[in-house]
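**Q** One structure is given below, represented as structure tokens, and several questions about it will come after.
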Amino acid sequence: MPKAKRRKPYNPAKAHDRRTRDLLRNAEVATVEVDNPLALEPGEKIIALRSIRNDPLARLHSHRQIDEAQYQAGRAFQGDWEKAERGPRAVDPTREYVDGGQSREPITEGQRKAVLRLNRAERELGADGSALVHDVLVQGLTMEQVGQRRGLCTKRWSDYFSRRLRECLDRLALLYGFATEHPVPVKTLPR
Numbered sequence: 003m004p005k006a007k008r009r010k011p012y013n014p015a016k017a018h019d020r021r022t023r024d025l026l027r028n029a030e031v032a033t034v035e036v037d038n039p040l041a042l043e044p045g046e047k048i049i050a051l052r053s054i055r056n057d058p059l060a061r062l063h064s065h066r067q068i069d070e071a072q073y074q075a076g077r078a079f080q081g082d083w084e085k086a087e088r089g090p091r092a093v094d095p096t097r098e099y100v101d102g103g104q105s106r107e108p109i110t111e112g113q114r115k116a117v118l119r120l121n122r123a124e125r126e127l128g129a130d131g132s133a134l135v136h137d138v139l140v141q142g143l144t145m146e147q148v149g150q151r152r153g154l155c156t157k158r159w160s161d162y163f164s165r166r167l168r169e170c171l172d173r174l175a176l177l178y179g180f181a182t183e184h185p186v187p188v189k190t191l192p193r
């Protein structure tokens, strides 16, 4: 007769594990600790799985290739991009005119501020950095795909684009206020 398993006593400080056991064959997931939406007390955490298959920023964060400030800055940039692109639409002259059609939505204050932050980010990053950040954060390309798009397919170029992306994310973290600038210590020469 099999021996009965001993149950561990309930520990309220431990995060509840809500990870699924049945995943798809091609699923790429990472564990993340998040606030419990059903918590009775603030601060309770649960462990969940997030998909990293089509999210290069989450992949870099889950593999510890970027830190939390860089990750949050990337998410803020993506949020600003989504707010800014929901602006007024162009009139399509090929469509038939319909009386009582919807009027164009006016630009909101949030959209205006998002566009201003994106313009400042583009100035700070420069043309190359801005294009790299757009390719990775908006279009969801990996470093290999960025290199292929530019015709630079070697491992060395992929490493360069990775380093350059981290530099751009550092700059965005400063811009969005997720990091502060650290002065570089300078060695003084003995006299």
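Residue numbers (our numbering): 3 to 193. Quick reminder that beta carbons are idealized off the backbone N, C-alpha and C, glycines included.
#1: Check this for me: beta carbons of Glu183 and Leu176, under 8 Å apart or not?
#2: Could you check if Pro44 is buried or exposed, using at least 16 other CB atoms within 10 Å of its CB as the buried criterion?
#3: Checking the sheet assignment: what are the DSSP bridge partners for Ala32?
#4: Does Lys10 come out as helix, strand or coil in the three-state DSSP assignment?
#5: Between Asp130 and the ligand GTP, is there a pair consisting of the residue's CB and a ligand heavy atom that are separated by less than 7 Å?
#6: Where DSSP assigns a beta bridge to Asp37, which residues make up the other side?
#7: Hey, would you say Leu127 sits closer than 8 Å to Val135, going by beta carbons?
#8: Using CA atoms only, rank isn't needed, just tell me which of Pro95, Leu51 and Lys115 is closest to Gly81.
#9: Which residues in the same chain as Cys155 place their Cβ atom closer than 7 Å to its Cβ, once the five residues preceding and following it in sequence are excluded?
#10: Rank Gly76, Gln147 and Tyr162 by C-alpha distance to the C-alpha of Ala123 and give the top, closest one.
#11: Report yes if the CB atom of Val31 is closer than 8 Å to the CB atom of Arg52, and no otherwise.
#12: What is the DSSP secondary structure of His65, reduced to helix, strand or coil?
#13: Phe79 and Leu139 - do their beta-carbons sit closer together than 8 Å?
#14: With distance defined between alpha-carbon atoms, name the residue in Asp172, Leu42 and Asp24 nearest to Ser132.
#15: Output the distance between the C-alpha atoms of Asp137 and Leu167, rounded to the nearest integer angstrom.
#16: For Arg165 and His65, what's the separation of their Cα atoms in angstroms?
#17: May I ask which residues mark the beginning and end of the alpha helix (DSSP H) holding Arg27?
**A** In terms of the structure at hand:
#1: yes
#2: exposed
#3: Arg52
#4: coil
#5: This structure lacks the ligand GTP, and indeed carries no ligand of any kind.
#6: Lys47
#7: yes
#8: Lys115
#9: Gly149
#10: Gly76
#11: yes
#12: coil
#13: yes
#14: Asp172
#15: 10 Å
#16: 15 Å
#17: Element bounds for Arg27: n/a, residue is neither H nor E.
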